[in-house]
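Chemist:
Protein chains: 2
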Amino acid sequence: MSQPSLPTTDRTRLRRKAERGSHDRETVAAILDAGLICHVGFGVDGRPWVFPTTYARVGEVVYLHGAVGNFALQTLAAGAEVCVTVTLIDGLVLARSAFHHSMNYRSVMLFGVAEPVTDESEKREALLAIVDHMAPGRAADSRSPTPEELLSTLVVRLPISEGSAKVRTGPPIDDAEDTGLSHWAGVLPLRLVPGTPVPDPLEPGPASSGGPTQPAPLPTPSYLTDWAALRGADAP
Amino acid sequence: MSQPSLPTTDRTRLRRKAERGSHDRETVAAILDAGLICHVGFGVDGRPWVFPTTYARVGEVVYLHGAVGNFALQTLAAGAEVCVTVTLIDGLVLARSAFHHSMNYRSVMLFGVAEPVTDESEKREALLAIVDHMAPGRAADSRSPTPEELLSTLVVRLPISEGSAKVRTGPPIDDAEDTGLSHWAGVLPLRLVPGTPVPDPLEPGPASSGGPTQPAPLPTPSYLTDWAALRGADAP
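If you read the protein sequences in the order shown, they are chains H and C.
Mapping the first sequence onto our numbering, position 113 (from 1) lands on 113, and the numbers just tick up by one.
Mapping the second sequence onto our numbering, position 52 (from 1) lands on 1052, and the numbers just tick up by one.
Shown next as structure tokens:
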């Protein structure tokens, strides 16, 4: 059983706005679960790279994946130091002064070295977790990876052992002498909202008069119609 | 007048899924304008950092800002190589096979070295551009930075001279032998949607019966009610 908090290190000592920060594992896990993509940073020959990619958290591990030829995944699998950052935008914070404009957000930064996942069943579970992270329940409603697909995919495991969370919520904080200014002040909440699912054009369409043998279209799965509630990713 | 395309370099040669990539300056600019935050990556003592932050594009430059004590901004201002990545999530791509799951997205990666902005009027314009990037028109409806606020803020300028865009749109692409499987396939569109603006609690509320001298509440500005249309950030 691990400690409830991640350790404070040189890299995760909270610097500015420390009151917004946390090393609490549950806070970190909740933000990782609420995000959809992460930004993966590493250096090659002293030059930085930052790639967006999907991921999944399983317990105290984050899994990343890519094709075996993927530059970022190859670099991580070779043992590069990595920083993985997940950021959720929760709102625009409009202060009366330009200076105090801000955003409401939740973010996590993780540091460490990832390891390639070589065990086939862990690899399969990791890939299905990445699918379920997109839409909870989807993995069971899709064709599972074949051995060939597993071989063509690189999966790495980053332990959640060094990192921190940072969260801003609430109204703007103007200087006292500005609060009487006649500029609107407050928060514009923002949320990633699903639209109407768009079936693959290869899906059977609604039965036409001329096609009695046309298979019925598949109903929209509940993990899409209930997507926002299932993911529970809304702002605190 | 610059070329319409960014040059192809070792770092911006399109690697995998090259058909999704572009060096076209207009494509890059449109994605930068549609994003709200970027992820800034750099190395210190060989270890990578990735920070989320706001930004603005002005012509062929991206501006980033932070407090003068901000670690990331200090590192950039000192001449560190940087990678700035902006990613917009446009949808979940659900293939019939777990393997072909993907996301629709627009992203830009920029590379280079940023320079501190020392000219006071460029600094002010950059900060107002960052406010207007959040909500177009807001800069003119806020209290402009004072000389002291400018002094306490570090602004850096990253030229848009090396980088590329990557875009995925459209339905899933399943293997031919999977298209008959009875798993729903298609796209769940996703969009960052504004909620109802929340006035600062310090704003005057609706006039109460007992308070005839209470100032009237400020109307919600049009740059918030029309936010999505003004920013034009929707998926292609």
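We put the beta carbon where it would ideally sit given N, CA and C, even for glycine.
Just so you know, these numbers come straight off a predicted model, no measurement behind them.
Spell out the partners DSSP gives H/Tyr55 in its beta bridges.
Modeler: For the purposes of this step, residue 55 of chain H is taken as the residue at position 55 of the first sequence. H/Tyr55 has no beta-bridge partner at all, per DSSP.
Chemist: For H/Val155 and chain C, any beta-carbon pair shorter than 8 Å?
Modeler: The sequence position of residue 155 of chain H within the first sequence is 155, counting from 1. H/Val155 does not count as touching chain C.
Chemist: Closest by CA to H/Gly232, which one among H/Arg25, H/Thr9, H/Leu32?
Modeler: In the first sequence, counting from the first residue as 1, residue 232 of chain H sits at position 232. It is H/Leu32.
Chemist: Closer than 8 Å by C-beta to C/Met1134: which residues in its own chain qualify, once you throw out the five before and the five after it? Chain order, please.
Modeler: Locating residue 1134 of chain C in the second sequence gives position 134, counting from the first residue. Cβ neighbours of C/Met1134 beyond the five flanking positions: Leu1036, Thr1054.
Chemist: Can you give me the C-alpha to C-alpha distance between C/Gly1210 and C/Leu1218, rounded to a whole angstrom?
Modeler: Position 210 of the second sequence, counted from the start, is the residue given in the question as residue 1210 of chain C. Position 218 of the second sequence, counted from the start, is the residue given in the question as residue 1218 of chain C. Annotation note: pLDDT 49 at C/Gly1210 (below 50); position unreliable, coordinate value reported separately. If I take the Cα positions, the gap works out to 19 Å.
Chemist: Counting contacts by CB-CB distance shorter than 8 Å, is H/Asp119 in contact with chain C?
Modeler: Start at 1 with the first residue of the first sequence, and residue 119 of chain H comes out as number 119. Output row for H/Asp119: interface = no.
Chemist: When the Cα atoms are used, what is the spatial distance from C/Ala1207 to C/Glu1125?
Modeler: For the purposes of this step, residue 1207 of chain C is taken as residue 207 along the second sequence, with counting starting at 1. For the purposes of this step, residue 1125 of chain C is taken as residue 125 along the second sequence, with counting starting at 1. Because C/Ala1207 sits at a pLDDT of 48, beneath the cut-off of 50, its placement in the model cannot be relied upon, and the following sentence gives the value as read from the coordinates. Taking the straight line from one Cα to the other gives about 37 Å.
Chemist: Any beta carbon of chain H sitting closer than 8 Å to that of C/Pro1236?
Modeler: Looking up residue 1236 of chain C in the second sequence gives position 236. No, C/Pro1236 lies away from the interface with chain H (no Cβ there is under 8 Å from its Cβ).
Chemist: So that I know if they touch, is there some Cβ in chain H lying closer than 8 Å to that of C/Ala1139?
Modeler: Counted from its first residue, the second sequence places residue 1139 of chain C at position 139. Yes, C/Ala1139 lies at the interface with chain H (some Cβ there is under 8 Å from its Cβ).
Chemist: For the pair the region 1172 to 1189 of chain C and the region 1090 to 1097 of chain C, tell me if three or more CB-CB distances fall below 8 Å.
Modeler: Contact check between the region 1172 to 1189 of chain C and the region 1090 to 1097 of chain C: three or more CB pairs, one atom from each, fall below 8 Å, which counts as touching.
Chemist: C/Asp1200 versus chain H: which residues are under 7 Å apart at the beta carbon?
Modeler: On the second sequence, position 200 is the one that residue 1200 of chain C refers to. Per Cβ cutoff of 7 Å: Pro171, Pro172, Ala185, Gly186.
Chemist: Thinking C/Ser1107 and C/Lys1166 are a contact (beta carbons under 8 Å), I'd like their distance in whole angstroms, please.
Modeler: Taking the first residue of the second sequence as position 1, residue 1107 of chain C is located at position 107. Taking the first residue of the second sequence as position 1, residue 1166 of chain C is located at position 166. Rounded, the Cβ-Cβ distance is 5 Å, consistent with contact.
Chemist: Quick one: residues in its chain with C-beta nearer than 6 Å to the C-beta of C/Leu1128, no 5 flanking neighbours on either side, listed in chain order?
Modeler: As a working note, residue 1128 of chain C is residue 128 in the second sequence. Excluding sequence neighbours, C/Leu1128 sits near Ala1139.
Chemist: Do C/Glu1060 and C/Leu1110 count as a contact pair if the criterion is CB distance below 8 Å?
Modeler: Start at 1 with the first residue of the second sequence, and residue 1110 of chain C comes out as number 110. Start at 1 with the first residue of the second sequence, and residue 1060 of chain C comes out as number 60. Their beta carbons are not under 8 Å apart, which means C/Leu1110 does not touch C/Glu1060 by this criterion.
Chemist: Kindly indicate if chain C contains any beta-carbon less than 8 Å away from that of H/Glu203.
Modeler: The sequence position of residue 203 of chain H within the first sequence is 203, counting from 1. So, interface residue.
Chemist: In chain order, what residues of the same chain lie with their CB nearer than 7 Å to the CB of H/Val28, ignoring the 5 residues before and after it?
Modeler: The residue you call residue 28 of chain H lines up with position 28 of the first sequence. If we look at H/Val28 and ignore the five residues flanking it on each side, its Cβ neighbours are Leu6, Val108, Ile160, Gly163, Ala165.
Chemist: Since H/Pro48 and C/Gly1041 are thought to touch, with beta carbons under 8 Å apart, how far apart are those beta carbons, to the nearest angstrom?
Modeler: Position 48 of the first sequence, counted from the first residue, corresponds to residue 48 of chain H. Position 41 of the second sequence, counted from the first residue, corresponds to residue 1041 of chain C. Right, the Cβ-Cβ distance comes to about 4 Å (below 8 Å), so this counts as a contact.
Chemist: Name, please, each residue of chain C whose Cβ falls closer than 7 Å to the Cβ of H/Arg15.
Modeler: For the purposes of this step, residue 15 of chain H is identified with residue 15 of the first sequence, where counting begins at 1. In chain order: Phe1071.
Chemist: From the DSSP output, in three-state form, read off C/Gly1210 for me.
Modeler: In the second sequence, counting from the first residue as 1, residue 1210 of chain C sits at position 210. Because the pLDDT at C/Gly1210 is just 49, under 50, the model does not fix this residue reliably, and the point stays unresolved.
Chemist: What residues in its chain sit with their C-beta under 7 Å from that of C/Arg1157, if we drop five residues either side in the sequence?
Modeler: Numbered from its first residue, the second sequence carries residue 1157 of chain C at position 157. The residues are Val1061, Tyr1063, Ala1114, Glu1115, Val1117.
Chemist: Let me make sure I understand the geometry here. Which of C/Asp1119, C/Ala1072, C/Leu1088, C/Ile1173 has the alpha-carbon closest to that of C/Leu1150?
Modeler: Taking the first residue of the second sequence as position 1, residue 1150 of chain C is located at position 150. When each option's Cα is compared against that of C/Leu1150, the closest is C/Asp1119.
Chemist: Give a yes or no on whether the C-beta atoms belonging to C/Ala1077 and C/Leu1154 are separated by under 8 Å.
Modeler: The count along the second sequence starts at 1 and reaches residue 1077 of chain C at position 77. The count along the second sequence starts at 1 and reaches residue 1154 of chain C at position 154. The answer is yes: Cβ separation under 8 Å.
Chemist: What does H/Tyr223 pair with, by DSSP beta-bridge criteria?
Modeler: Counting from 1 along the first sequence, the entry for residue 223 of chain H is found at position 223. Answer is none; H/Tyr223 lacks a bridge partner.
Chemist: Please decide whether H/Gly46 counts as near chain C, where near means a Cβ-Cβ distance under 8 Å.
Modeler: Here the question's residue 46 of chain H lines up with position 46 in the first sequence. With 8 Å as the cut-off, H/Gly46 counts as an interface residue toward chain C.
Chemist: Show which residues of chain H have a CB atom less than 9 Å away from the CB atom of C/Ser1022.
Modeler: Here residue 1022 of chain C refers to the residue found at position 22 of the second sequence. By Cβ distance, chain H contributes nothing, its closest Cβ being about 16 Å from C/Ser1022, past 9 Å.
Chemist: Determine the direct distance from the alpha carbon of C/Thr1196 to that of C/Ser1222, and round the result to whole angstroms.
Modeler: As a working note, residue 1222 of chain C is residue 222 in the second sequence. As a working note, residue 1196 of chain C is residue 196 in the second sequence. Their Cα atoms are separated by approximately 13 Å.
Chemist: Distance, Cα to Cα, C/Thr1009 vs H/Pro52?
Modeler: Here residue 1009 of chain C refers to the residue found at position 9 of the second sequence. Here residue 52 of chain H refers to the residue found at position 52 of the first sequence. Rounded to the nearest whole angstrom, the CA to CA distance from C/Thr1009 to H/Pro52 is 20 Å.
Chemist: Note down, in chain order, every chain H residue with its Cβ under 7 Å from the Cβ of C/Glu1149.
Modeler: As a working note, residue 1149 of chain C is residue 149 in the second sequence. Those are Phe99, listed as they occur along chain H.
Chemist: Would DSSP call C/Leu1202 helix, strand or coil?
Modeler: Indexing the second sequence from 1 puts residue 1202 of chain C at position 202. In the three-state scheme derived from DSSP, where H, G and I count as helix and E and B as strand, C/Leu1202 is classed as coil.
Chemist: Going by CA-CA distance only, name the one from H/Leu188, H/Ala185, H/Leu202, H/Glu122 that's closest to C/Ser1182.
Modeler: Within the second sequence, the letter at position 182 stands for residue 1182 of chain C. With distances taken between Cα atoms, C/Ser1182 lies closest to H/Leu202.
Chemist: Output the residue ranges of the alpha helix (DSSP H) runs that lie fully inside the region 1027 to 1093 of chain C and measure 4 residues or longer, sorted by chain position.
Modeler: 1071 to 1077
Chemist: Quick check on this structure: which residue in H/Ile89, H/Ser152, H/Asn104, H/Ser142 has the alpha carbon closest to the alpha carbon of H/Cys38?
Modeler: The sequence position of residue 38 of chain H within the first sequence is 38, counting from 1. H/Cys38 has its Cα closest to that of H/Ile89, out of H/Ile89, H/Ser152, H/Asn104, H/Ser142.
Chemist: Since H/Asp299 meets chain C, which of its residues come closer than 7 Å, beta carbon to beta carbon?
Modeler: Missing from the structure shown is residue 299 of chain H; chain H here goes from 1 to 236 and no further.
Chemist: C/His1065 touches chain H at which residues, Cβ-Cβ below 7 Å?
Modeler: Locating residue 1065 of chain C in the second sequence gives position 65, counting from the first residue. Neighbours of C/His1065 on chain H: none; closest Cβ ~10 Å, over 7 Å.
Chemist: Hey, how far is the Cα of H/Pro136 from the Cα of H/Val86?
Modeler: Residue 136 of chain H sits at position 136 when you count from the first residue of the first sequence. Residue 86 of chain H sits at position 86 when you count from the first residue of the first sequence. Cα to Cα, the separation comes out at about 19 Å.
Chemist: Helix or strand or just coil, what does DSSP make of C/Ser1002?
Modeler: Mapped onto the second sequence, residue 1002 of chain C falls at position 2. Three-state DSSP puts C/Ser1002 in coil, outside helix and strand.
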